[in-house]
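What follows is a single structure, written as structure tokens, with notes after it.
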Amino acid sequence: MFSNSRLEEIFIQISKNEFTTIKELTNLFHVTDRTIRTDIQAINLEIAKYECEILLKRKSGYYLMSYNKDKFKELQNQMEKQTNVLTFNSLDDRIKYILQKLLYSQDYVILDDLANEVFVSRNTLQNYIKPIKETLETYNLIYVSKPNLGVKVFGNEKDKRECLINEILCKDTPTYIIGFTKEEQMLFKDIDLFEIQTLVNQLLNKHDIHASDYDRKNLVMHCALMISRVKTENYIPFDVQFPIQDDICELIEQLCIQLENKFDIQITSGEKQYIYLHIASNTHMNIYSVNTVKLQNQITKLLEVIYEEYNFDLRPDAILKKDLFNHFSSILSSKNIYMNKKNPLLNTIKTNFPLPFEITLTSTAKVFSEALTEDEIGYISLHIGAAIERCFTSMYQKKRVVLVCGSGIATTRMLEARLQTFFNSKIVIVNKISYAEFMHYDFANIDFVISTIPIQSDNIPVEVVDFTLKNTDIEKISKRLSHMDKKANFVAKFFDKQLFIHKSNEVTKEDVLTELAHLLENQNIVSDTFIHSVLERESIACTNLNDIFAIPHPMEACSKETKVAVAILDQPVEWNDKHEEVQIIFMISIKQGEQKQFEHLYDLFIEIVGNTKLQQDIVHSNSFEEFLYTISTVDIFNS
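Here UniProt numbering is used: the first residue of the sequence shown is 1, the next is one more, and so on.
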């Protein structure tokens, strides 16, 4: 419709917003103000026939004005037909497009052409090259630049496909399993994705093969990628190490025949093997037999390590043992065919379940000779976390509660029933009394009172609620129960003025780790070997929870006391090879046997990770007193 893609992009950007400033447009398209004004003049010439135009409102920005509803509807319909246009709303969008272009190109690509396609200057495009090279290197792919020819990516087909699947497609969104995005349809623009989805689902259902919605979508994407690459004569060679098992061979043949007929391609033995391996890694089919006895012994040892190091006794949990056996069988099967499955929930797991993740990371390292990836550890930690929840639920000591109601037995029964519905596993109702009885009641061995009457007491905590127990009442009681599990001196127990430093000058990661370890050592909390254990743990996987907060710690509990040494940095320090920087560092030292109690401190960690204001308040704490005040205001510490 428009004479070039950038005009269309600018039109889309302006039409979807009430106002769009020229600064937003220049930042988005990396061009000058003058270029934007020239482009808008060109757009107005092309949309004039639809009786609309782009206008500029002073101090607000550009907006789209329509003078004829029917004509404007015609314009909208015309735009909706332009399904072959990609929008570049971010740097990430452009990098994905460039990666896709390079990986699909058989010849050298001229950088000036690439710059025009993503609406940026040649100089701006050069800034994208470094992250693109780094991404390609992680897949053993080589970026080659030749004068007068351009650039090209070299590497084997398997690695190129892995890069395309992992870097171009966005798998970590809740909508990944629902339908197909515009980006997916653009990547496979000549392929009917819905037809592949139907064929894959029919195959799995017919053979009673279990796979999650996410894994089914993965299979569809891999089949689409195979078809796309075969159509451009890019094939995966057959690997004699992994012949297709006879009992699965028929299944693969059925799918391949249907795909060949539908998409007019020839599927080679290597491509059949490609499908075979991805069916294996995305379903519960263990195509590589594992040593059952050995794996069961390893799981037993793993649970022993968790008990010894963290004091969580998960050994009797039959559900956990079964889940771990199935999951490890799948992992080991995938490892033996060199298939490493990405975990789209990894960052969510590390942020929201740091303790189960940490337990899994350190414990599996002591049991399994072959290192597990963080993606695999993330999945396993969900099983460990669920088992810990079951453990705590069974161990939970119910709080003893007295009800005070002044409206008669009917309302008392209603409140009692509602409380039992929501808190049956957490409270026991010892007695139901009137206000008159409340005034003289002996509250010895009573944890708190729930009352429908607005009363106060210096002798016993009281939660005033409506007899219908509204959502706000449920929240109040939930908070009360949570706070009662935390000791009043919680902060003072873990943090100490002698274990706090504030740095205004630049430091390295090793500098700050060493200084914090020395603080702990000087207080006779740890030995001089503590720092070596911390560095060993850091070498397995970096301990930053986000781009500002890190929790370095040793491989195992080895301290005389459970304490946290704190460093607040004015100048961020680079923490990992992804160039992520941190300013808040909590070095954790745990005394053997106190791991379970220490779990409550992770509530604080999670709050810090998810609360930007709290992060900034901590960073601006210039003294231990300010720091202590800041973290004491966190809701989990309020009673």
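All C-beta atoms, glycine included, are put in the ideal place defined by N, C-alpha and C. Only a predicted model underlies this, so the values are computations on that prediction, with no experimental measurement involved.
- By the neighbour-count criterion, in which 16 or more other beta carbons inside 10 Å mark a residue as buried, residue 376 falls on the buried side.
- At a Cβ-Cβ threshold of 8 Å, residue 494 and residue 591 do not count as neighbours.
- The Cβ-Cβ distance between residue 426 and residue 469 does not fall below 8 Å.
- In its chain, beyond the 5 residues on either side, 128, 131 and 132 have a beta carbon closer than 7 Å to the beta carbon of residue 95.
- Per DSSP, reduced to three states, the secondary structure at residue 443 is coil, with no helix or strand assignment.
- Close CB contacts of residue 405 within its chain, under the 6 Å cut and outside five residues either way in sequence, are with 411, 412 and 452 (chain order).
- Around the CB of residue 47, 16 or more other CB atoms lie within 10 Å, so the residue is classed as buried.
- Of the other Cβ atoms in all chains shown, fewer than 16 fall within 10 Å of the Cβ of residue 144; this residue is therefore exposed.
- Under the three-state reduction of DSSP, residue 66 is assigned to strand.
- The region 6–19 and the region 39–58 touch, with three or more beta-carbon pairs separated by less than 8 Å.
- If you look at residue 52, you'll find it in the beta strand (DSSP E) that goes 52–57.
- Distances from the alpha-carbon of residue 632 to those of 623, 604, 620 and 612 put 604 closest.
- DSSP places residue 529 in the coil class of the three-state scheme, outside both helix and strand.
- According to the DSSP secondary-structure assignment, residue 544 is paired through a beta bridge with 550.
- DSSP places residue 100 in the uninterrupted alpha helix (DSSP H) bounded by 91–104.
- Here residue 330 is buried. Its C-beta has 16 or more other C-beta atoms within 10 Å.
- With 16 or more other Cβ atoms from the protein chains shown falling within 10 Å of its own Cβ, residue 550 counts as buried.
- DSSP places residue 313 outside both helix and strand once states are collapsed to three, so it counts as coil.
- For residue 458, no beta strand (DSSP E) run applies, since DSSP gives it neither H nor E.
- The C-beta distance from residue 569 to residue 503 rounds to 5 Å, short enough to meet the 8 Å contact threshold.
- Contact between residue 199 and residue 184 is absent: CB atoms are separated by about 17 Å, not below the 8 Å threshold.
- Taken atom to atom, the span from the alpha-carbon of residue 300 to that of residue 528 is near 33 Å.
- Minimum Cα-Cα distance from residue 353 among the listed residues 368, 370, 456 and 380 corresponds to 380.
- For residue 589, the three-state secondary structure derived from DSSP is strand.
- Assigned with DSSP and collapsed to three states, residue 11 falls in helix.
- Secondary structure of residue 235 (DSSP, three-state): coil.
- Straight across, the Cα-Cα distance linking residue 389 with residue 266 is about 51 Å.
- A straight-line Cα-Cα distance of about 51 Å links residue 232 and residue 533.
- If you ignore the 5 residues before and after residue 61, its C-beta comes within less than 6 Å of the C-beta of 19, 20 and 21, all in its own chain and listed in chain order.
- Apart from sequence neighbours up to five positions away, no residue of its chain approaches residue 292 with a beta-carbon distance below 6 Å.
- Here the region 100–110 lies against the region 144–155, with 3 or more beta-carbon pairs under 8 Å apart.
- In the three-state DSSP reduction, residue 571 falls in the strand class (E or B).
- Less than 8 Å separates the beta-carbon of residue 558 from that of residue 530.
- With a threshold of 16 other beta carbon atoms within 10 Å, residue 73 falls short and is exposed.
- Under the three-state reduction of DSSP, residue 211 is assigned to coil, being neither helix nor strand.
- In the three-state scheme derived from DSSP, where H, G and I count as helix and E and B as strand, residue 110 is classed as coil.
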